[in-house]
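Chemist: One structure, as structure tokens, below. Some questions next.
Number of protein chains: 2
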Amino acid sequence: MARMPKEHLEARRRQILDAARRCFIRNGFHATSMQDILAEAELSAGAVYRYFKSKDDIIAATASEALAELAAAFEADESAAPPGLDDIVDVVLQVDRPPLSGSRESAQFLVQVWAEALRSPLLRTKLQTVMEEARRVVGGLVARHQRHGLLSGDVPAEQVADVLMALVDGFLVSRAVYGHDGRTDSAAFRNGLRALMSASGRAHG
Amino acid sequence: MARMPKEHLEARRRQILDAARRCFIRNGFHATSMQDILAEAELSAGAVYRYFKSKDDIIAATASEALAELAAAFEADESAAPPGLDDIVDVVLQVDRPPLSGSRESAQFLVQVWAEALRSPLLRTKLQTVMEEARRVVGGLVARHQRHGLLSGDVPAEQVADVLMALVDGFLVSRAVYGHDGRTDSAAFRNGLRALMSASGRAHG
DNA sequence: TTGTCAAGGACGAATGTTCGTTCTACCTTG
DNA sequence: CAAGGTAGAACGAACATTCGTCCTTGACAA
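Each protein sequence line maps, in turn, to chains A and C. The opening position of the first sequence corresponds to residue 0 in numbering that gives the first Met the number 0, with each subsequent residue numbered one higher. The opening position of the second sequence corresponds to residue 0 in numbering that gives the first Met the number 0, with each subsequent residue numbered one higher.
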């Protein structure tokens, strides 16, 4: 019996997933062909189909991985020292797998995942689960601030959490679409958010 | 000569674009086939190809239309009475073409457009142009608030504007992915944002 | 250590399908 | 009735996937 070390099996999977991810970022899930992935991974069709049973399988695997990284970034924040509410955007900066990409690519891939979630009920459910958990984490953060009197307790923590989550998503969109200019600099973003958070309560024209 | 009334030509275009848009929302640009569009529009291939020279042409037309609607929503805000900063999200609620969809579908389509902008330089440029203009409008709104002392003048208006723009984008993502629950209710969202904006300036744990 | 072997792994041409698009014949309209 | 509009079959290209073949690997006996 010539069974190869299981680490090589995992390495091949990684090789394929990374290549596929690069392709998906470049062209989206459905405009990249299998041949694109094969070329990027420098493997033959037969080789790839040994590790994944279909293209949809590869799509699901890469998307799930991205969501898992996003979830991990939020969960890491829960146990860590509670940051200021205006640091929330930095959470997404942790979502970044070194060998592949800078944070820009991660943001771009997440945009593709959102789009795909609109047509794949399974992926959609996974995404909703991850964001539900993230909302819980951020909601706890908000509630803590409310208890410390740093934030009005009149408004449900969840509503504020939803705003912060939207900020994260919106920042990801900016980063994905506009790239690395001032608009996607997290420090400038945090600065703007801090200014907004210290506005006088009644803002009306 | 049997030239048909020009209004019918425009009506056919509209019919095709609307059908295509519905398909694109349902399945994304590249997972919907021409046959899907033909069936949805209840037209033959020959008919559709009289009005659009390719599928990419249809994609570009629908995407441009969506961006134009987004731009119009922002520009409408510029001339109108200046709303409170926390009303900014309502701007996107105007981006909604009646016969086609509720605001949910518009949000879903915009997510698809974002994803497509990552692979189409032309669409990307258009999107950047629209958002640049929107940033100018929102930036002016922020500057006005700063002049009235409702917002600190220490921070560049653009940075605050970027945060608000991200809020809009993030709200669109929520609306697209999660649908019509509390999280996508603009009133609740505005409520949360208002709470956040009246936080004490030093928010740190 | 080294030679042998069976099974796992990789390849790439082949397959059937589906895609976007075109073409020709027919119909409708002013 | 002529020109514009429509239909739907037909086309080649490109797609995801499979298959037969060959190569590589690790286990094991000597």
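Note that CB positions come from ideal geometry on N, CA and C, so glycine has one too.
1) Name the chain A residues that come within less than 8 Å of C/V173, Cβ to Cβ?
2) With 8 Å as the limit, tell me which residues of the stretch 106 to 131 of chain A have their beta carbon closer than that to any beta carbon of chain C; keep them in chain order.
3) Would you call the CB atoms of A/V136 and C/L192 closer than 8 Å?
4) Among the candidates C/E115, C/R2, C/E9, C/V90, whose CA atom is the shortest distance from the CA of C/D55?
5) Tell me which residue opens and which closes the alpha helix (DSSP H) that A/M33 is part of.
6) Taking a contact to mean a Cβ-Cβ separation below 8 Å, would you say A/A40 touches A/I15 in this structure?
7) Here's the rule: buried if 16 or more other CB atoms are within 10 angstroms of the residue's CB, otherwise exposed. What is A/G83?
8) What do you get for C/S53, buried or exposed, if any count of 16 or more other CB atoms within 10 angstroms of its CB means buried?
9) Can you tell which of C/E157, C/A133, C/D17, C/A187 has its C-alpha closest to the C-alpha of C/A70?
10) Counting only Cβ pairs nearer than 8 Å, list the residues of chain C close to A/Y177.
11) Quick one: grab the DSSP three-state call for C/K5.
12) Below 9 Å between beta carbons is the criterion; list the residues of the stretch 16 to 29 of chain C that meet it against any residue of chain A, in chain order.
13) Following the continuous alpha helix (DSSP H) through C/A62, name the residue where it begins and the one where it ends.
14) According to the neighbour-count rule (16 or more other Cβ atoms, all chains shown, within 10 Å of its Cβ), is C/M164 buried or exposed?
15) Shorter than 8 Å from the beta carbon of A/Q158 to some beta carbon of chain C?
16) Tell me whether C/A194 sits in a helix, a strand or coil according to DSSP, three-state version.
17) Might you give, ordered along the chain, the residues of its own chain that have their beta carbon closer than 7 Å to the beta carbon of C/F23, omitting 5 neighbours on each side?
18) Cβ closer than 7 Å: which chain A residues qualify as neighbours of C/S151?
19) Can the beta-carbon of C/V50 be found closer than 8 Å to that of C/R11?
20) Of all the CB atoms in chain A, is at least one closer than 8 Å to the CB of C/G191?
21) Report yes if the C-beta distance between C/L150 and A/A79 is below 8 Å; otherwise report no.
22) Interface residues of chain C around A/A75 at Cβ under 9 Å?
23) Measuring only the C-alpha atoms, how far is A/S185 from A/V129?
24) From C/H7 to C/G169, what distance separates their C-alpha atoms?
25) Which chain A residues sit within Cβ distance under 9 Å of C/A40?
26) Could you please tell me which residues of the stretch 53 to 68 of chain A, in chain order, have their CB closer than 7 Å to any CB of chain C?
27) Would C/A187 pass as an interface residue toward chain A - the criterion being a Cβ-Cβ separation below 8 Å?
28) I need the straight-line Cα distance from C/T183 to A/R13, nearest angstrom please.
29) Closest to A/A194 by C-alpha separation, out of C/L37, C/R189, C/G152, would be which residue?
30) Please report the residue range of the alpha helix (DSSP H) in which C/L140 lies.
31) Taking the Cβ atom as the reference point for each residue, do C/I87 and C/L166 lie within a distance shorter than 8 Å?
32) Could you confirm whether any beta carbon from chain C is found closer than 8 Å to the beta carbon of A/V278?
Modeler: Looking at the coordinates:
1) The sequence given here places Ser at residue 173 of chain C; Val does not occur at that position. The CB of C/S173 comes closer than 8 Å to the CB of D161, M164, A165, D168 in chain A, given here in chain order.
2) Answer in chain order: Q107, V110, Q111, W113, A114, E115, A116, L117, R118, R123, L126, Q127, M130.
3) In this structure, C/L192 does not lie closer than 8 Å to A/V136 by Cβ.
4) Selected option, being the one with the closest Cα: C/E115.
5) DSSP places A/M33 inside the alpha helix (DSSP H), whose first and last residues are 33 to 40.
6) Between A/A40 and A/I15, the CB-CB gap stays under 8 Å.
7) Counting Cβ neighbours within 10 Å, A/G83 comes out buried, since at least 16 surround it.
8) Exposed, since its Cβ has fewer than 16 Cβ neighbours within 10 Å.
9) Of the candidates C/E157, C/A133, C/D17, C/A187, C/A133 places its Cα closest to the Cα of C/A70.
10) Chain C residues near A/Y177: Q127, M130.
11) Judged by DSSP in its simplified three-state form, C/K5 adopts helix.
12) Cβ contacts with chain A come from I24, R25, N26, G27, F28, H29.
13) Run containing C/A62: 54 to 78, per the alpha helix (DSSP H) assignment.
14) So C/M164 counts as buried.
15) Judged by the 8 Å Cβ criterion, A/Q158 is in contact with chain C.
16) In the structure shown, C/A194 falls within a helical segment according to DSSP collapsed to helix, strand and coil.
17) Setting aside the 5 residues that flank it on each side, C/F23 is surrounded in the same chain by T31, T61, F108, Q111, each with a C-beta closer than 7 Å to its C-beta; the list follows chain order.
18) Within chain A, the residues near C/S151 are A194, S197.
19) It is worth fixing the name first, because residue 50 of chain C is Tyr in this sequence and not Val. Less than 8 Å separates the beta-carbon of C/Y50 from that of C/R11.
20) Closer than 8 Å: yes.
21) No.
22) Going along chain C, no residue has its Cβ under 9 Å from A/A75, so there is no contact; the nearest lies around 15 Å.
23) Rounded to whole angstroms, the separation of the alpha carbons of A/V129 and A/S185 is 23 Å.
24) Approximately 39 Å between the Cα atoms of the pair.
25) Under the 9 Å cutoff, chain A gives no residues; its nearest Cβ is about 19 Å from C/A40.
26) If the cut-off is 7 Å between Cβ atoms, the stretch 53 to 68 of chain A has nothing near chain C.
27) Interface with chain A (8 Å Cβ-Cβ cutoff): C/A187 is included.
28) So the two alpha carbons sit approximately 37 Å from each other.
29) Checked all of C/L37, C/R189, C/G152; the closest Cα to A/A194 is C/G152.
30) Per DSSP, the unbroken alpha helix (DSSP H) holding C/L140 starts and ends at 120 to 146.
31) If you check the CB distance, C/I87 and C/L166 come in under 8 Å.
32) Past the edges of chain A, shown from 0 to 204, lies residue 278 of chain A, and the structure says nothing about it.
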